[in-house]
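Going by this note's numbering, the letters in the sequence shown line up with residues -12 to 142, in that order.
All C-beta atoms, glycine included, are put in the ideal place defined by N, C-alpha and C.
Report on one structure; see the data block that follows.
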Amino acid sequence: MLTKNQIIVRQGRENDSALIYRLILELAKDHNQTEYVKTNESEIKKAISGQQDKIGVLVAELNSQIVGYLSFTWNYSIWNAKEFMALDDLFVNNKFRGMEIGKKLMEKAKELCINRNVSVIKWEVEMNNEKAIRFYRRLGATINIKGIFKWYLTP
-12 MLTKNQIIVR
-2 QGRENDSALI
8 YRLILELAKD
18 HNQTEYVKTN
28 ESEIKKAISG
38 QQDKIGVLVA
48 ELNSQIVGYL
58 SFTWNYSIWN
68 AKEFMALDDL
78 FVNNKFRGME
88 IGKKLMEKAK
98 ELCINRNVSV
108 IKWEVEMNNE
118 KAIRFYRRLG
128 ATINIKGIFK
138 WYLTP
């Protein structure tokens, strides 16, 4: 039987790009949003290799198999005069849920922030994703009800 102790969370590497891309597609499929995925394996590899100071990907491995990921960017709040982590995606393959892999990914993100003297992580969640909201609240996160606008500038 697999145990939580066999889970390793580490920084994503260039050679993880294909697996990270596969998980991104799984996440998009779970949310019926595959048409919105514009990235590809090559773009992920380029981002991981060249912009570690701006973006990051954490991967969760179980018996040397990548089963989840957390992607983020480092942003700056002009009002707070501080950097913050903007969590982009948190995803664990359905077969491996319930093993606290998502929690381990979030704890690693928290550790990265502490080591960088960053005091807040921000992210979005669909308001009807009650399971995710419960998970985030168990971590100690609070939800801020605020509308998010998107202005797409390409035709």
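Near S64, which residues of its chain fall below 7 Å by C-beta distance, leaving aside the five closest residues on each side in sequence? Same-chain partners within the cutoff: F71.
With distance defined between alpha-carbon atoms, name the residue in L10, Y56, K109 and Q52 nearest to V46. Per the C-alpha coordinates, the member of L10, Y56, K109 and Q52 positioned closest to V46 is Y56.
What are the uninterrupted segments assigned as alpha helix (DSSP H) that are 4 or more residues long and contained completely in the segment 70 to 104, given in chain order? Scanning the segment 70 to 104 from its first residue to its last, the whole alpha helix (DSSP H) runs of 4-plus residues come out as 88 to 102.
Does the distance from the CB of Y8 to the CB of T26 come in under 9 Å? In contact: Y8 and T26 (Cβ atoms closer than 9 Å).
Return the CA-CA distance between M86 and L14, expressed in angstroms with no decimal places. The alpha-carbon atoms of M86 and L14 are separated by roughly 18 Å.
Given a threshold of 16 other Cβ atoms within 10 Å of its Cβ, counted over all protein chains shown, does V24 qualify as buried or as exposed? V24 counts as exposed, since fewer than 16 other C-beta atoms from the protein chains shown sit within 10 angstroms of its C-beta.
Please give the ranges of any alpha helix (DSSP H) in the segment -8 to 68, keeping only runs that are unbroken, at least 4 residues long and fully inside the region. If we require 4 residues or more, the alpha helix (DSSP H) runs fully inside the segment -8 to 68 come out as 4 to 17 and 28 to 37.
Cutoff 7 Å; reference K156; Cβ partners in own chain excluding five residues on either side: Residue 156 lies beyond the stretch modelled for the chain, which goes from -12 to 142, so this question has no answer here.
Tell me the rounded alpha-carbon separation between A96 and G127. Cα-Cα distance, rounded: 14 Å.
Our contact map puts V44 next to I53 with C-beta atoms below 8 Å; I'd like the distance itself, whole angstroms only. That belief does not hold up - the Cβ atoms of V44 and I53 are roughly 10 Å apart, past 8 Å.
Between L12 and D76, what straight-line distance do the alpha-carbon atoms span, to the nearest angstrom? The straight-line gap from Cα to Cα measures roughly 12 Å.
Could you tell me how far apart the beta carbons of E42 and L74 are, in whole angstroms, since I believe they sit closer than 8 Å? The question names Glu, but residue 42 in the sequence shown is Ile. For I42 against L74, the beta-carbon gap comes to about 11 Å, at or over 8 Å, which does not count as contact.
Residue nearest to M114 in terms of C-alpha spacing, selected from K16, I135 and K33: Across the set K16, I135 and K33, the C-alpha of I135 shows the shortest separation from the C-alpha of M114.
Near N50, which residues of its chain fall below 7 Å by C-beta distance, leaving aside the five closest residues on each side in sequence? Only Q(-7) meet the Cβ criterion.
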